[in-house]
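Residue numbers (the numbering used here): 176 to 516. We put the CB at the ideal spot given by N, CA and C, even for glycine. Small disclaimer: the values here were computed from a predicted structure and weren't measured. Following: one structure in structure tokens, then a few remarks.
Structural data, given as structure tokens:
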């Protein structure tokens, strides 16, 4: 009776499936029909970690899995595909106009939803694909299956890869490419700005001189978002040769007189709305809320442990559930050299 209060369609599908499991088939079908007929624009941020893409993918996956699917419901899959293609085209156009990656970004929620939808559709389908794969001079065949996948190394790609599929059309091919870029990503502060600065333990900006093993530095990160980001994730990769030390395990009195950018380090918890932070082996990670137009400051400690010269990767920040809102930051130094005492 309260279903009209739902701001999005996905809860109505959940309601419909629950009613079906209770044996109330008429009301179950009505709830699902209303879900797929709902046209209310989803709020830009709702706090449910979702998006229109995630909700639609899950809606189709759930009704198919629970025997409530209809052709008009399944047709939403093609709408999703067209929408993603349009988003990709717009991203590429924006890249040519204003720069940027030219890619669309999917949140973890969206990726999982698409994965669940794909699994349901594959299990329900009866189309099979077989074929021949040639890598360089070597060739092999694969038996008919609903889905087939293979990973290729850089050496395989250099040798040449050729796939000859066999099956009843239409057949669909998806390729994923993963690797480490030769050059660092360009600074992107169009939606959220982030800058990293290294400081000495007395709070002064560090001049990029060689560090001795055992030397420590304060890392300061300044962030400013163009719009409010309730679910921002900050990832600051460490350069080689350094390891993180947890500020919280040090004596707070040690930092009572150390001021960085007007912030006393003993009061650093008031400089940003940090919800969670992790001090990992190779990176610092923080989940925080960023308010539009307000600066946030985050700090952590690093110590030099391994001699060598290391490049410093840029800091990154993005909205966990709207990953197109992201920023690639600047660093006060490009490389760090660690020497023996």
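Proximal residues to residue i (C-beta, below 8 Å), its chain only, five neighbours per side dropped
| i | result |
| --- | --- |
| residue 320 | 303, 304 and 305 |
| residue 314 | 307 and 308 |
| residue 385 | 512, 513 and 514 |
| residue 284 | 224, 225, 226, 229 and 496 |
| residue 476 | 391, 392, 393, 394, 419, 420, 421, 422 and 425 |
| residue 387 | 479, 513, 514, 515 and 516 |
| residue 375 | 381, 392 and 393 |
Beta-ladder partner(s) of residue i, from DSSP
| i | result |
| --- | --- |
| residue 483 | 513 |
| residue 471 | 398 |
| residue 307 | 316 and 339 |
| residue 494 | 407 |
| residue 501 | 493 |
| residue 463 | 407 and 449 |
| residue 420 | 476 |
| residue 439 | 434 |
| residue 454 | 459 |
| residue 506 | 371 |
| residue 363 | 503 |
Integer-rounded CB distance, given that residue j should sit under 8 Å from residue i
| i | j | result |
| --- | --- | --- |
| residue 418 | residue 368 | Between residue 368 and residue 418 the Cβ distance is about 27 Å, and since that is not below 8 Å, they are no contact. |
| residue 410 | residue 504 | Not confirmed; about 10 Å, so no contact. |
| residue 280 | residue 501 | 7 Å |
| residue 371 | residue 510 | Rounded, the Cβ-Cβ distance is 13 Å, inconsistent with contact. |
| residue 434 | residue 479 | Contact doesn't hold; Cβ gap of about 24 Å is too wide. |
| residue 407 | residue 299 | About 38 Å; that fails the 8 Å criterion. |
| residue 232 | residue 288 | 4 Å |
| residue 291 | residue 210 | Incorrect: roughly 17 Å between the Cβ atoms, too far for contact. |
| residue 415 | residue 485 | 4 Å |
| residue 334 | residue 354 | Incorrect: roughly 17 Å between the Cβ atoms, too far for contact. |
| residue 403 | residue 445 | With 8 Å as the limit, residue 403 and residue 445 do not qualify as a contact, their Cβ atoms being about 19 Å apart. |
| residue 182 | residue 221 | 7 Å |
| residue 373 | residue 215 | Wrong, their Cβ atoms sit about 49 Å apart, outside the cutoff. |
Beta-carbon contacts of residue i that lie in its chain and below 7 Å, excluding the five residues immediately before and after
| i | result |
| --- | --- |
| residue 293 | none |
| residue 202 | 194 |
| residue 449 | 461, 463 and 473 |
| residue 186 | none |
| residue 441 | 427, 430 and 431 |
| residue 421 | 454 |
| residue 338 | 306 and 308 |
| residue 238 | 188, 207, 244 and 248 |
N- and C-terminal bounds of the beta strand (DSSP E) containing residue i
| i | result |
| --- | --- |
| residue 302 | First-last for residue 302: undefined, no H or E at that position. |
| residue 368 | 367 to 374 |
First and last residue of the uninterrupted alpha helix (DSSP H) at residue i
| i | result |
| --- | --- |
| residue 195 | 185 to 196 |
| residue 353 | Residue 353 -> no alpha helix (DSSP H), and no H or E assigned at all. |
| residue 331 | 329 to 334 |
Proximal residues to residue i (C-beta, below 6 Å), its chain only, five neighbours per side dropped
| i | result |
| --- | --- |
| residue 457 | 413 |
| residue 297 | 321 and 322 |
| residue 191 | 203, 206 and 207 |
| residue 451 | 462 |
| residue 499 | 280 |
| residue 274 | At residue 274 the pLDDT is 49, less than 50, meaning the model places this residue with poor confidence and gives no usable figure here. |
| residue 401 | 366 |
| residue 405 | 464 |
Contiguous beta strand (DSSP E) assignments of at least 3 residues, all confined to the stretch 380 to 418: 391 to 400 and 404 to 412
Runs of alpha helix (DSSP H) wholly within the stretch 192 to 259 (minimum 4 residues, chain order): 200 to 212, 227 to 240 and 246 to 249
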